[in-house]
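According to the working numbering, the stretch in the sequence shown is residues 2 to 187, in order. The structure appears right after this line, and notes come after that.
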Amino acid sequence: MKKFLLVAAFAVCGIFSANAQGFKVGANVGYPIGDAGDAYSLQVGLDVAYTWEVGDGFQVGATTGYLRYFGEDMDETLNGVTIEVESVDAGFIPIAATAQYTFGEMWFLGADIGYAVYVGEGDGNGGFLYQPKFGWSSESIDVYAFYKGISISDEETTQSFGDVEVTTSTGGGTASSVGLGVAFKF
2 MKKFLLVAAF AVCGIFSANA QGFKVGANVG YPIGDAGDAY SLQVGLDVAY TWEVGDGFQV
62 GATTGYLRYF GEDMDETLNG VTIEVESVDA GFIPIAATAQ YTFGEMWFLG ADIGYAVYVG
122 EGDGNGGFLY QPKFGWSSES IDVYAFYKGI SISDEETTQS FGDVEVTTST GGGTASSVGL
182 GVAFKF
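Quick look at the structure:
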């Protein structure tokens, strides 16, 4: 799956490179915080976006890519017994609208809003994606700081085993991170 996504990203680059005034390819790295800070040690991402200028200094468009949160092993204590719990990495494909407003000569404010599809191991849910960002822009590159959040819905399932019903939950919560990113313009 990962190889397919990488090949697809490069194919999109090739298709749009001939006339891609608003085409961007980037990478970002973040530090998980909040709910995600307990279970994950690092967030990395790859992005592709295409934007159109709709006003003086204002661009809108679409973005997608791949996000990965790397799991962090934890020690959990229950009834006086401590066990090591291995967190599973979480992967997401964001599908979002993007907007960016450039002010002054080179500074910008931007935001991505959409949905992140869960593509990690095991059970998991996607969720509402939001990413405000602030940065510096030139003709060929954007460098920015961001806050990224994915509001993951809680999903419960109930199974019956004779007279006993067992309900499990996917947990819900927010996968949040703060970090830095770079996007190259073509």
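Quick reminder that beta carbons are idealized off the backbone N, C-alpha and C, glycines included.
Exposure label - Val30; buried when at least 16 CB within 10 Å: exposed
Ordered list of alpha helix (DSSP H) runs contained in the segment 19-86, each at least 4 residues: 36-40
Thr83 classed as buried or exposed, judged by whether at least 16 other C-beta atoms fall within 10 angstroms: exposed
Of the listed residues Ala98, Tyr70, Phe104, nearest to Ser88 (C-alpha basis): Tyr70
Anticipated Cβ contact below 8 Å, Phe93 with Tyr51, distance rounded: So it is not a contact: roughly 20 Å between Cβ atoms.
Burial state of Ser177, where buried means 16 or more other Cβ atoms lie within 10 Å: Buried, by the Cβ-count rule.
Contact belief for Gly111 with Ala100 at Cβ below 8 Å, rounded distance in angstroms: The C-beta distance from Gly111 to Ala100 rounds to 6 Å, short enough to fall under 8 Å.
Burial state of Leu68, where buried means 16 or more other Cβ atoms lie within 10 Å: So Leu68 counts as buried.
Residue interval of the beta strand (DSSP E) (run including Phe187): Taken as a continuous stretch (DSSP letters only), Phe187 belongs to no beta strand (DSSP E), as it is neither H nor E.
Distance between beta carbons of Thr64 and Val49, contact taken as under 8 Å: 7 Å
Three-state secondary structure (DSSP) of Asp124: coil
Presumed contact (8 Å Cβ cut-off) between Phe135 and Ala117, rounded CB distance: Not quite, the Cβ-Cβ distance comes to about 21 Å (not below 8 Å), so this is no contact.
Member of Gly66, Asp57, Glu85 whose CA lies at the smallest distance from the CA of Ala40: Of the residues Gly66, Asp57, Glu85, the one whose Cα lies closest to the Cα of Ala40 is Glu85.
Expected contact under 8 Å - CB spacing of Gly128 and Ile153 to nearest Å: 4 Å
Cβ distance (whole Å) where Ser141 is taken to contact Phe109 below 8 Å: Not quite, the Cβ-Cβ distance comes to about 14 Å (not below 8 Å), so this is no contact.
Neighbour-count burial assignment, Asp113, 16 or more Cβ in a 10 Å radius: buried
CB-CB length for Gly58 against Phe185, believed under 8 Å: Going by Cβ atoms, the distance from Gly58 to Phe185 rounds to 20 Å, so no, they are not a contact pair.
Three-state secondary structure assigned by DSSP to Val89: The three-state reading of DSSP puts Val89 in coil, since its state is none of H, G, I, E or B.
Short Cβ contact (7 Å threshold) for Gly197 with Tyr131: Here the chain covers residues 2 to 187 and nothing more, so residue 197 does not appear.
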